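Below: the structure, in structure tokens.
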Amino acid sequence: MFVAQAISTPFPLNVTHPMFENHLANLAFQMVKAIAILLLSRWGATIARHLSLRLLKYAEPTLQKFLVQISAILVWMVGAVAALNAMGIQTTTVVAVVGAAGLAIGLALQNSLSHFAAGVLLVSFRPFEVGDAIEGAGVAGKVDNIGLFSTTILTSDYVRITVPNGNLFSGTLKNNTVMGIRRVDLTIDISDRAIEPTITQLLSLLQDHPLILDEPKPTCHVEAISATATMLYLRPWCAASHYEQVKSEVLQIVQEALKAESQVSV
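Heads up: the sequence shown runs through residues 3 to 268, numbered per my numbering.
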């Protein structure tokens, strides 16, 4: 007879290993913590968005929108790193990879980032605003839109030009509108006419013009004298928005008056 021997197992099949139970419990607890952190991050991002809107309520709308979005993104990034740590995932490597990727992207987009930084500075310091007449980066016209990367300018012949913000911020910028008024500099050739009576006549021509300001007062003096001509400068003042109109009309008035005088003298 063969005697059957009982084969025993180390653990009964109907009993769960205690180490496995502990591992599952720890994993469940870590996931609950991570989910809780993400929920808190969502709440924190909402709070950060509302606080940013209150703090930046007087800021330029484009900059305000960007900074509000950045505040929410930063909260989410901190929450994501904290959630990974709660689950026992080492975030040092993840942060290093993200940093290296950010550096590579930054180097590839350094020109765009410089224009972005210039856009933030333009919006913050406000050397010009929408509607101002400016000259800069080889372009002259009225500002139509100020973006974070570029500024749109409408020229006098209604051509729309997009200028990178870095070009405007790094170069010399002339704002013809910000002071409210402008001096119109005109050079008048009076030939061999008597200087003093002609100056009086030119100043009197400006008195009836509705767009020329009484203060500051218009001025007229000798600019240059040669053997064949005497040059006077005539400088009336007007509102910045009327500059081109006043310049054209004054030139026409002076030309007609001097021509009429020449015809009478002949």
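Glycine included, every Cβ here is placed at the ideal spot set by N, Cα and C. Note that this is a predicted model, so its numbers are computed, not measured.
| Check | Outcome |
| --- | --- |
| Three or more C-beta pairs closer than 8 Å, one from the segment 248 to 256 and one from the segment 157 to 172: is that the case here? | no |
| To the nearest angstrom, how far is it from the Cα of L55 to the Cα of T48? | 11 Å |
| Between which two residues does the alpha helix (DSSP H) carrying S172 extend? | 167 to 172 |
| Does the segment 115 to 130 come close enough to the segment 74 to 86 to have 3 or more Cβ pairs within less than 8 Å? | no |
| With burial defined as no fewer than 16 other Cβ atoms inside 10 Å of the residue's Cβ, what is the status of K144: buried or exposed? | buried |
| According to DSSP, is H211 part of a helix, a strand, or is it coil? | coil |
| Quick one: measure Cβ to Cβ for T174 and G138, integer angstroms, because I've assumed they're closer than 8 Å. | 7 Å |
| Provide the residue span of the beta strand (DSSP E) that contains D2, from first to last. | The question about residue 2 has no answer here: the residues shown for the chain are numbered 3 through 268. |
| In its own chain, which residues sit with a C-beta less than 7 Å from the C-beta of T69, not counting the 5 before and 5 after it? | Note that residue 69 corresponds to Leu in the displayed sequence, not to Thr. These residues qualify, in order along the chain: S54, L58. |
| May I have the straight-line CA-CA distance separating V186 from L260, to the nearest angstrom? | 19 Å |
| Measure the alpha-carbon distance for A27 versus L150 and round it to whole angstroms. | 50 Å |
| Tell me the rounded alpha-carbon separation between T94 and V161. | 52 Å |
| By the 10 Å Cβ neighbour count, where 16 or more other Cβ atoms means buried, how is V248 classified, buried or exposed? | buried |
| Would H244 and L204 be called neighbours here (beta carbons separated by less than 7 Å)? | no |
| Which same chain residues end up closer than 8 Å to G90 when comparing Cβ atoms and leaving out the 5 residues on each side of it in sequence? | Q32 |
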